[in-house]
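**Q** Pasting a structure below so you can have a look.
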Amino acid sequence: MKTALITGASVGIGAAFAKELASRKIDVVLVARSQDKLEQLAEKLRSQYNIKAHVIPQDLTQPEATQLVFDAVSQQGLTIDLLINNAGFGDYGTFADRPLTKQVQMIQLNITALVELTHLFLTDMKKRGAGAIVNIASIAGYQPLPYCSVYAGTKAFVLNFTEALWAENKDSGVRLLVVCPGPTESNFFVAAEFPQTFSGGQNYTTAEEVVKDTLNALEKDFSTLVTGGFTNQFIVNLPRFFPRDTIVSLVEKQFKPKK
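Going by my numbering, the first residue of the sequence shown is number 1, and it counts up by one from there.
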């Protein structure tokens, strides 16, 4: 039986991945900060789908956490066939007015931890000539995002990084996919401290839809997936047709805090 490791597995898209993969009889390794939430999810998956669900509670904003995750997997004798780098968070507000510590933690989680886990597990996968890695980015990675400047910057990195690795590893037997969801039904906007008046648009996608689209795209060996239908496709392609300062000015007006 194959095994998938999912970061940010306790809620949202991460938990949806765990449930869908378990329903397909794939064992899971669940990584997130909250041990209680992970244990509850793991027990539910074991009883409902009769699969193995391992729990590794780690705070991936801490510099040593990724190596601890890799070591825990190795100590349990597990082979990871699918890595899903889903953990991440955003932050809303004028960059200079937001806590610097939170911005640095965002870079650590959204970029550094993702790069480290990708490197650790990709090396093993290439030796076996098999495996897959899914990195979760965002449609925010396709253009600058005033008032979410660091978040959009991290997702632009994930997008470009993963597409480059897809090309590097085409003949290795290892598949790589970057997924760019639009607004998704989750606690993202609350956790990022968006104002209650901010809607994020009307095209919310469910986490379950993101997961199913992702697994379908992975089977087809796509490098990139934009979920959420025509509206999100339109958004990510818009910067190709207008000057960058025009795009960022339009986005700034949309995201500017309302007085």
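Glycine included, every Cβ here is placed at the ideal spot set by N, Cα and C.
Because the structure is a prediction, the values reported are computed rather than measured.
Let me confirm a value: Arg24 is counted as buried when at least 16 other C-beta atoms fall within 10 Å, else exposed. Which label applies?
**A** Classification for Arg24: exposed.
**Q** Quick check: the Cα distance between Pro63 and Phe70, rounded to an integer number of angstroms?
**A** 13 angstroms
**Q** Between which two residues does the beta strand (DSSP E) containing Arg33 stretch?
**A** Looking at the DSSP string, Arg33 is not in any beta strand (DSSP E), and its letter there is neither H nor E.
**Q** Nearest to Arg128 by alpha carbon, out of Ser172, Leu117, Lys52, Asp36?
**A** Ser172
**Q** Would you call the stretch 46-55 in contact with the stretch 80-96, where contact means no fewer than 3 C-beta pairs closer than 8 angstroms?
**A** The stretch 46-55 is not in contact with the stretch 80-96.
**Q** Quick one: which unbroken beta strand (DSSP E) runs of 3-plus residues sit fully inside the stretch 140-168? Chain order, please.
**A** none
**Q** In the DSSP assignment, what residue or residues form a beta bridge with Ala132?
**A** Leu82, Arg175
**Q** Per DSSP, which residues does Leu225 bridge with? Please list them.
**A** Val179
**Q** Determine the closest residue to Ala137 out of Ser74, Pro257, Leu114, Lys19, with distance taken between C-alpha atoms.
**A** Leu114
**Q** On a CA-only basis, which of Thr224, Phe188, Gly12, Ile139 is nearest Leu165? Give me that one, please.
**A** Thr224
**Q** Identify whether Ala9 lies in helix, strand or coil by the three-state DSSP scheme.
**A** coil
**Q** To the nearest angstrom, report how far apart Ala217 and Leu177 are at their CA atoms.
**A** 8 angstroms
**Q** Which of the three DSSP states is assigned to Ile107 in this structure?
**A** helix
**Q** Enumerate in chain order the residues of its own chain whose CB-to-CB distance from Gln108 is below 6 angstroms, with the five nearest sequence positions on each side excluded.
**A** So the qualifying residues of the chain are Thr61.
**Q** Opposite Ile247 in the DSSP bridges: which residues?
**A** None; Ile247 has no bridge partner.
**Q** Which residues in the same chain as Leu78 place their Cβ atom closer than 6 angstroms to its Cβ, once the five residues preceding and following it in sequence are excluded?
**A** Thr3
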